[in-house]
Every structure is written in structure tokens, then in C-alpha cells.
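Following this note's numbering, the numbering of the sequence shown begins with 59 at its first residue and continues without gaps.
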Amino acid sequence: MSEETREVIETAETPAVESNNFIVQAIKEDLAEGGRCEGMQVHTRFPPEPNGCLHIGHVKALVIDYGIAEQFGGIYNLRMDDTNPTKEREEFVEAIKDDIRWLGYDWGDRYHFASAYFEETYQYAIELINKGLAYVCELTPDQMHEMRGTHDTPATSPWRDRPIEESLDLFKRMRAGEFEDGKYTLRAKIDLASGNWNMRDPVIYRIKHATHHRTGDEWCIYPMYDFAHPIGDAIEHITHSLCSLEYEDHRPLYDWVINNVSVPSRPRQIEFARLGIDYTVLSKRKLRNLIETGIVNGWDDPRMPTLAALRRRGYTPASIKNFCERIGVAKNPNVVHWSFLEHCLREDLNSHAARAMAVLRPIKLVITNYPEGQSETFTVENHPDDPNDTREVTFSRELYIEQDDFMEEPIKKYQRLYPGNMVRLKGAYIVTCTGCKKDEEGNVVEVYAEYDPATRGGNPPEGVKVRGTIHWVDAANCIEAEVRLFDRLFTVEDPDSASRDYLQHINPNSLTVLKGCRLEPSLAEAKIGEGYQFLRLGYFCKDKDSTAEMPVFNRSVELKDSFSK
Ligand code: ATP
Ligand code: MG
């Protein structure tokens, strides 16, 4: 192991709680048995296909792949699974790396591409042909489909017994570019009668004249995932190739490849259930569709379940990893509530985010007995856990409060401002509402109150009970901002289910943009992505769309926890 590698492993964050799921147990058994893994350290990989950005489901896979390697003191690779030239792009390669680093994982120098193994993979295909275990087939996809057989009858191919020499010659000419797309395929010669469709002589190479994002026009034949993946794993000496459950039926093929070509090691595939989350879709194809149809504004639109979006919305690496660790690893499909993800974020921000005051739907409150031109300063805590971490806010005659913190005619149990009622202006004074001004249409345009100078700091006079506390900002120095509120993207719990047309269930109100919001001046210093708790309103962070003139804040999550255990 290189010094660099060692350092990466030693500084890697180990999970607070060691997991002991079925994968961990299987690995322990493997290690105890020796044999295949004799003298090797646990070595995993995460193999994203760079055809889109990572979503929260990928994070589950990452936490399993990398978390388990860390738990065993092992190592992990990052491998771009780029065997399909038409859908993959360099921009996604960079975005994926950036997202994984942001989560806090470091693959050191163990960064690979499936496309870097095209030559070896090709040689292994030649090896199979030479062993009589692969042949060049001339069936078109439609013909292959017709001849795939049924449960009880085997598939057929008239080319199965093509002489080795002929297949070798054709395969080499396929590589040389002599044939158009689809003219030939290379198929593994396994078992046309297998009860597992993947074993009925699967295609392992196809002709595709397409420019690859890394290898350019060097290749016009490309290996299929089921052939390339075990080979990539073996070349990298991966001990355990962890993947989601849809690959379970492909495992016999994975093992067949490992057993029939002379790869340098014998990795083992173990599957776990994919993560599903309610009210969203987790498939790059569907997510791309949301972008292409203009329903969202991009991969990092804060309503998306992608890592880029969650990050922009104000999610922290700790909250996301914590979520993935707590949902556990199992074989049964698991759909987790989006509200649990929010719960994990809220927990993290509650202990780390600084507090601030902001008014989203402002109306002016005039303290009529406060001298004009006067101003005073209050020292307030940035965080309830740290009394030494404070900032100053100013108070003067004109403030902004939320429109709904005033009602001229209060509804039952309303404890905020209405004529005659006393409320606490958070951290400042107790005020008594005296009335309001309305425009010609009867809309309230200004609220009036009188303060009691003896209540500085917000303590009510002896014997008086003040029920309502509201937040405010000083009109004299507050800053203006745009604030974006998000709701779930879909109106149904299971838009991802196969029986749904997910595009038919879009929530038309998933985004609310509020202009003219007022923030306390300290928020001018906020950094993009840094979490704040806006009193009574939720957790927010500054968005990258902010300009010098107009800061933009995203609501990461509301304060109220709708997640019930
Ligand atoms: P998508 O349908 O979103 O494109 P994918 O499986 O094709 O998903 P890949 O980039 O090939 O995407 O996935 C990389 C790894 O992430 C794979 O090992 C896959 O098993 C895993 N993975 C993808 N989606 C999920 C999910 N929802 N839950 C858990 N693991 C997932
Ligand atoms: Mg895939």
C-alpha cells in the first residue's frame, strides 16, 4: 500500500456505529474462510455511470460500498462505468467526483474508468472465443427476441456453432470497423435453455459507431455491462462488488465471466435493496426527463433528489450520510419517507446552524411612542448552546414583521398582534398593538403598537402574561432578499412505481418565490450553502443565484417535524 493510500484510510471518517448487516456478515465469513480473499484487504468500488448526476439512491450505495470498506479498514475505488458511449459525458464525470468529495469520501489515487480496460476486455472476449465459449451471432435484436424461447422451450441461434476461426475473424473485423451498427454481436455460449434469461447466450459485445467521451473513435465495438463489470472488478482486485438488487439475476453471469476468463482475481458480487423515497423518482432517466420537459431547472434544482440539489438546498454531508446509515441495509425493497431525510437534516442543523431573524412576507410595524431617529442595540445569541457566540441587532421606531402576525379581528386562540393585545418582539420589548392603517381596498398597510420601555430584553411587567412572541427586523437597516420555498415535486406517494406515469402527477406548487423579503443585516455576510435557522420559519441557506444587489435564500426545511416514528 502506498503512503498516500495509507494516510487516506487512516484519516477516513469511521461511522460512529459499526453496522452488522448481512453484507458485513458475508464479508466476515469470506475473510474467515481465507481462500478467495486470502491476504487481501477488503476492497470495494463505487461504479457510477456518468450519464447524469448522483441521486440519494446512489448515496445509499456509496455509504454501503465505502462505509463497509472503512469499517473493515479496507480501501475503495471510484470507477466510472463508461461502457455506453452515447449517453456518457465528461461534465457528469466531474460533477460525480465533486459530489462524492463533498460527502467526505476520498478515493485517493484509486480512480478508474471501465473504458480504460477496453483492450483487456477485448482480449478476454478473444479468450472466450478461443475456448469455444463465445461466438459471433448475426441475429438482429428483433430476431433474437423472437428466438429467445419461452420458460419451457430454449432459445435458438443458427450461429451458435459457428467455427471458432470464423468467429475470431469476424470479431476482429468488427473491431476494425468493417461492419455497420447491429450487423453482428458477440454472444457468450452458456445455456440456451437456462431458467435465467441472462444466461441464454447473452450478448457481450455490440457494434456501435459512436465517439466515446474518453476513448474517442478508437473503438466501434463496446462491451456490455455484464461482461465489462466483473472484468473491471477483477482487474482492480475488488474483493466485494456490492450493487443493488436488480443485478441479482445477473450474478450467475458475473460468476460465469469470472470463472471462464483468466482474470487476475475473483471478486464476489453481493446485492442489497435499492433505496426508494416517497413523493420522488430515483432514476437518472426520469430525472433527466424532468429537466428536459422544463419541470425543473436542472440537475441541481433544489426540488430534485440529486446530491447537487440537496447540497444547494442546504443539506449537509453529515445529515445525508446519517440518513443512509440509519435506513440500514437489507434485501427487501425499502421505500423511506422523504420526511425522514428532512428529519435528519433538521437534527443536524438544529445543533449547528446559527439563528437569525428574517421576515418573508413583510408589513411595517410602527412603534408610535418610540422616538423618531432613535435606535438601540440588543445582543442576541447566534446559537442557544453557546452563550458566548453573539451578534448585535438594532431596534428602532419602524420594524418589519410578518403579515400574518397581525389580525385586525383575531380568530380564536390567536395570540399575536391585534388591537389591544400584548406580544413580545423577540429579544427586544413587549409591545401593545394599537391599530393599523388600511389602503382604499381595505388591505392593511401598516400596523401600530406602543412599547413599554421597562420591558427591555422582553421580560413582561410583574403579573402580566404575554403569550405571543414574534420575530422582526429593523426597517432602518434590514436587507432585501428573494426567498424560495420548496414543496414536494409529486402529488402522489409512489410516482416511481411502474404503474404510474410520473409526469402526470407533478405538484404545480412545488416552488414558491417570495420577493421583497427582509433580513437582518448580519445575513449580508452569509456564505452560499451555509445553514441558518430563521426564527419560527425554518432552516435556510444562501443560494448560488444570489447577486450583490439581491441575495437569494432557499428554505432547506421547515421547523416543524412531520416525521413520526
Ligand atoms: P439510475 O436508474 O438512477 O440511472 P443506475 O443503477 O443505472 O441508476 P448507476 O450509475 O449505474 O445508476 O449506479 C451506480 C451504483 O449505484 C450501482 O451500483 C447501483 O447499484 C447503485 N444505485 C443506483 N440507484 C440506487 C438506489 N436507488 N439505491 C441504492 N443503490 C443504487
Ligand atoms: Mg446503471
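Glycine is no exception: its CB is placed at the ideal position from the N, C-alpha and C atoms.
C-beta contact flag for residue i and residue j at 9 Å
| i | j | result |
| --- | --- | --- |
| L399 | S433 | no |
| E276 | L303 | no |
| T338 | R474 | no |
| Y242 | D219 | no |
| A486 | H441 | no |
| G131 | K379 | no |
| C382 | K118 | yes |
| L340 | I248 | no |
| H270 | E146 | yes |
| R613 | F544 | yes |
| L365 | I126 | no |
| T490 | E508 | yes |
| R258 | G207 | yes |
| L581 | F611 | yes |
| P216 | E238 | no |
| R103 | S173 | no |
| K422 | A534 | no |
| R370 | K602 | yes |
| N567 | F548 | no |
| P325 | I296 | yes |
| E498 | V424 | no |
| N254 | D307 | yes |
Supposed contact pair residue j and residue i - C-beta distance, whole angstroms, cut 8 Å
| i | j | result |
| --- | --- | --- |
| P420 | C575 | 7 Å |
| P288 | G334 | Actually they are not in contact, since the Cβ atoms of P288 and G334 sit about 27 Å apart, beyond 8 Å. |
| F229 | I262 | Actually they do not touch by this definition, with Cβ atoms about 11 Å apart. |
| D212 | L250 | One point to set straight first is that residue 212 is Pro, not Asp, in the sequence displayed. With a Cβ gap of about 4 Å, P212 and L250 count as contacting. |
| V121 | M138 | Actually they are not in contact, since the Cβ atoms of V121 and M138 sit about 19 Å apart, beyond 8 Å. |
| V531 | V394 | Going by Cβ atoms, the distance from V531 to V394 rounds to 37 Å, so no, they are not a contact pair. |
| R309 | M282 | That pair is no contact at about 15 Å. |
| I488 | D462 | No, I488 and D462 are not in contact; Cβ-Cβ is about 20 Å, not under 8 Å. |
| E450 | T437 | 6 Å |
| Y560 | K344 | 6 Å |
| L136 | I114 | Going by Cβ atoms, the distance from L136 to I114 rounds to 18 Å, so no, they are not a contact pair. |
| T214 | M205 | 5 Å |
| Y472 | M465 | 6 Å |
Any non-hydrogen atom of the ligand NAD closer than 8 Å to residue i Cβ
| i | result |
| --- | --- |
| N135 | Ligands displayed in this structure: the ligand ATP and the ligand MG; the ligand NAD is not among them. |
Exposure of residue i, with buried meaning 16 or more beta-carbon neighbours within 10 Å
| i | result |
| --- | --- |
| M529 | A small fix is needed here, since residue 529 is His in this sequence, not Met. Classification of H529: buried, given that the 10 Å Cβ count is 16 or more. |
| A183 | buried |
| H116 | buried |
| Y169 | exposed |
| F80 | exposed |
| Q327 | buried |
| S620 | exposed |
| D554 | buried |
| T448 | exposed |
| K86 | exposed |
| K189 | exposed |
| E65 | Note that E65 scores 33 on pLDDT, short of 50, meaning its location in the model is unreliable; the coordinates nonetheless yield the value given after this. E65 should be labelled exposed. |
| T426 | exposed |
| E62 | With a pLDDT of 37 at E62, under the threshold of 50, the predicted position of this residue should be treated as unreliable, and no value is reported. |
| S409 | exposed |
| G372 | buried |
| V615 | buried |
| Q591 | buried |
| K496 | exposed |
| V387 | buried |
| D227 | exposed |
| E149 | exposed |
| A556 | exposed |
| T513 | buried |
CB contact below 9 Å: residue i versus chain D
| i | result |
| --- | --- |
| E329 | Of the protein chains in this structure there is only one, and it is not chain D. |
*asked:* Suppose only complete runs of 3+ residues qualify. What are the beta strand (DSSP E) ranges in the region 263-325, listed by chain order?
replied: 279-281 and 298-302
| message | So, does the region 393-407 touch the region 137-148, judging by three or more C-beta pairs under 8 Å? | response | no
Worksheet item: At what residue ranges does the region 170-253 contain a whole run of the alpha helix (DSSP H), taking only runs of 4 or more?
Response: 176-188, 199-204 and 222-234
**Prompt:** Where are the beta strand (DSSP E) runs, 3 residues long or more, that stay fully inside the region 523-603, in chain order?
**Reply:** 526-528, 537-544, 569-577, 589-592 and 596-600
Length at least 3, wholly inside the region 387-427: the beta strand (DSSP E) runs in chain order | 392-394, 412-414 and 420-425
- Item | Stretch-stretch touch, CB-based, cutoff 8 Å, three pairs: the region 510-528 with the region 481-501 | yes
Report yes or no: do the region 313-331 and the region 351-360 share at least 3 C-beta pairs separated by less than 8 Å?
no
Margin query: Three or more C-beta pairs under 8 Å: does that hold for the region 561-574 against the region 538-546?
Written below: yes
>> List, from N- to C-terminal side, the alpha helix (DSSP H) runs of 4 residues or more that fit wholly inside the region 81-130.
In response: 114-129
(request) For the region 314-322 and the region 171-188, state whether three or more C-beta atom pairs, one from each stretch, are separated by less than 8 Å. (result) yes
Enumerated in chain order, which unbroken segments of the beta strand (DSSP E) with a length of 3 residues or greater are wholly contained in the region 488-519?
488-496 and 502-509
Only counting runs of 4 or more residues, tell me where the alpha helix (DSSP H) segments fall wholly within the region 141-175, in order along the chain.
-> 148-161
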